[in-house]
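Numbering (my numbering), first residue to last: 10 to 533.
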């Protein structure tokens, strides 16, 4: 119902009677004065509404108009869509309407009309531009999480690693980070050629380790490193090694010790689920790539594909058996794929991990769970719950003769006992690695020397679980690189990065599969 405001004209008559005193023939005169107020004009209402609005397809949209009427009239408000894909909106008759934008790019125009019942109807329009949202995996949208990856935004190229696709050298670090939705699941997609941009200043300790290699006379062309303390060495720069013949001069030759091939540019695309899901199945990590570091190079796990006497019973650990087969950053290539099996001080420097507070992010496993550095807090290392067996006959993890003559039926449950296998070396025996170096096969040299001690995990912080990870309120579930501090140095500690199994589900588009990967040792 309309409210009508009317102003009546008030007429006021004032009669003034003047009377005289003392005269019998006096007379009365009446004077009448009429006073009127001016007529008031009714003003039309006003409308203020945003001229243009830009939204993404499929999102909720609201258009609100500000309507004012100085006279307080009862107003009739009408919204009409005048162009674009028809949408159903709520709010007819009010100052605001809402709707869901179409799933495709278009422009919608809405007109609002306001009638006060006195003046002409007032109108205004608002245009809504609907932008398409690309959900196809071929052209994913940028992700807000790209800051955790070391993106190469300036097309920086390696100084000593050639490109396989052009006359220029290989691009370093990560080339792109984006998001993709596949079957309703959101992924972060990382593309990289796998070449890190390490720049290392040689310290006295680093030089001493290089110079004191057991086979230095064989490993170096001149019998010793050709660099000095204080030098800055780029990734792939010649430091004097007698490298694999696959490496070209000034293209990696001299940076890697004898044995491993030089890395090559190889595009890889990792799909990491944004919401990893715990697995209900046992999914062994196997050999080969199990994730990516934030610089785009590969994460490999504990194995090198070798076993004692090639019998498969006593599997060697890459961080132990290959300790003399890696560069100054603790990495090397297998089939051209540069990777780390264990903690790298070069990567730690790249992500600014100085051991203050919790370590920063180092990478992501193929299941989508993040990998953090070794520190739980300042001065507190994350500790693996995998421990070496007690081989004595009276131990639940031991063998009847106290030697490597049996293996655990289940390394996750020592109570299931042991089984006889081919004998491994004594704990004081010397074994020879693929690169010809001699090492003592002490307890912890082989994978079968370890088992998961559930009682350690049950203690909580700073012990980890069977997957070499745990959860906290800030980071959720995550893996840790594990090390032990010995004489002020960080020494890799089994299982080094990810445990023997993935904690999360491995999707079909993941970098890794359960128990699969590149077989055998690095190409030599």
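C-beta: ideal position from N, C-alpha, C; glycine also. All values derive from a computational prediction rather than experimental measurement.
**Item:** CA-to-CA distance, residue 134 to residue 92, given in whole angstroms
**Value:** 11 Å
**Start-end ranges of the beta strand (DSSP E) lying completely within the stretch 390 to 454, minimum 3 residues** = 395 to 397, 415 to 417, 427 to 429, 439 to 441, 447 to 449
**Message:** Using the three-state DSSP reduction, which class does residue 296 fall into: helix, strand or coil?
**Reply:** coil
**Message:** Let's see if you can read the secondary structure: which residues bound the beta strand (DSSP E) around residue 120?
**Reply:** 115 to 124 is the extent of the beta strand (DSSP E) around residue 120.
**Asked** Are residue 430 and residue 415 closer than 8 Å when you measure CB to CB?
**Response** Closer than 8 Å, so yes.
**Asked** In or out: residue 147 buried (at least 16 other Cβ within 10 Å) or exposed?
**Response** Because residue 147 carries a pLDDT of 40, less than 50, the predicted location of this residue cannot be relied on, and no value is offered for it.
**Message:** With a threshold of 7 Å on Cβ separation, who are the neighbours of residue 336 within its own chain once the five nearest residues in sequence on each side are excluded?
**Reply:** 264, 265
**Message:** Taking the straight line between their C-alpha atoms, what separation do you get for residue 323 and residue 454?
**Reply:** 9 Å
**Sequence-distant residues of the same chain with beta carbon closer than 6 Å to residue 34, five excluded per side** = Any answer about residue 34 is weak, because its pLDDT of 47 lies below 50 and its placement is not dependable; what the coordinates show is given next. Excluding positions up to five away in sequence, the list is empty.
**Prompt:** What do you reckon, are the CB atoms on residue 201 and residue 273 nearer than 8 Å?
**Reply:** no
**Asked** Using the C-alpha atoms, what's the distance from residue 500 back to residue 182?
**Response** Cα-Cα distance, rounded: 26 Å.
**residue 210 burial status per 10 Å Cβ neighbour count (16 or more: buried)** = exposed
**Complete alpha helix (DSSP H) runs within the stretch 342 to 378 (minimum length 4 residues, chain order)** = 354 to 359
**Asked** In terms of residues, what are the limits of the alpha helix (DSSP H) holding residue 226?
**Response** 225 to 228
**Asked** Which word fits residue 213, buried or exposed, when buried means at least 16 other C-beta atoms lie within 10 angstroms of its C-beta?
**Response** Under the 10 Å beta carbon count, residue 213 is surrounded by fewer than 16 other beta carbons and is classified as exposed.
**Request:** Find out if the Cβ-Cβ distance for the pair residue 384, residue 504 is shorter than 8 Å.
**Result:** no
**Item:** Inter-residue Cα distance where the pair is residue 392 and residue 256
**Value:** Whole-angstrom Cα-Cα distance: 38 Å.
**Item:** Given residue 198 as reference, the closest of 305, 113, 401, 260 once Cα atoms are compared
**Value:** 305
**Message:** Quick check: the Cα distance between residue 112 and residue 456, rounded to an integer number of angstroms?
**Reply:** 54 Å
**Item:** Three-state secondary structure (DSSP) of residue 151
**Value:** For residue 151, the predicted model reports a pLDDT of 36, less than 50, meaning its position is unreliable; a value from the coordinates is still stated below. Here residue 151 sits in strand by DSSP.
**Request:** To the nearest angstrom, report how far apart residue 332 and residue 64 are at their CA atoms.
**Result:** 56 Å
**Item:** the ligand NAD heavy atom lying under 7 Å from the CB of residue 429
**Value:** Questions concerning the ligand NAD fall outside what the structure shown contains, since it holds no ligand whatsoever.
**Message:** Buried or exposed, going by whether 16 or more other CB atoms sit within 10 Å of the CB of residue 365?
**Reply:** exposed
**Selected residue, minimal CA-CA separation from residue 318, among 60, 432, 465, 114** = 432
**Request:** Along the beta strand (DSSP E) that carries residue 499, what are the first and last residues, could you check?
**Result:** Boundaries of the beta strand (DSSP E) harbouring residue 499: 498 to 501, taken from the DSSP string.
**Request:** Under 6 Å Cβ to Cβ from residue 462, same chain only, skipping five residues before and after it: list those, please.
**Result:** Apart from sequence neighbours up to five positions away, the residues of its chain that approach residue 462 with a beta-carbon distance below 6 Å are 394, 396, ordered along the chain.
**Item:** Residue(s) in a DSSP beta bridge with residue 325
**Value:** In the DSSP output, where bridge partners are listed per residue, residue 325 has 455.
**Item:** Nearest to residue 75 (by Cα), restricted to the options 99, 496, 123, 312
**Value:** 123
**Prompt:** Alpha carbon to alpha carbon, what distance is there between residue 348 and residue 269?
**Reply:** 12 Å
**Request:** Within the stretch 462 to 494, note down every full beta strand (DSSP E) run reaching 3 residues or more, in order along the chain.
**Result:** As far as the stretch 462 to 494 is concerned, its whole beta strand (DSSP E) runs of at least 3 residues are 478 to 481, 485 to 489.
**residue 386 - containing beta strand (DSSP E), residue span** = 384 to 386
**Item:** Cutoff 8 Å: residue 206 Cβ touching any chain B Cβ
**Value:** Within the model displayed, chain B is absent; a lone protein chain is all it includes.
**Request:** In the DSSP assignment, find the unbroken alpha helix (DSSP H) run with residue 213 in it and report its ends.
**Result:** 213 to 220
**Request:** Label residue 246 either buried or exposed according to how many other C-beta atoms from any shown protein chain fall within 10 Å of its C-beta, with 16 as the threshold for buried.
**Result:** Buried, since its Cβ has 16 or more Cβ neighbours within 10 Å.
**Request:** Can you give me the Cβ contacts of residue 166 inside the same chain, cut-off strictly under 7 Å, excluding the 5 residues immediately before and after it?
**Result:** 177, 178, 179, 180, 181
**Prompt:** If you check the beta carbons only, do residue 420 and residue 460 fall under 8 Å apart?
**Reply:** Contact: yes.
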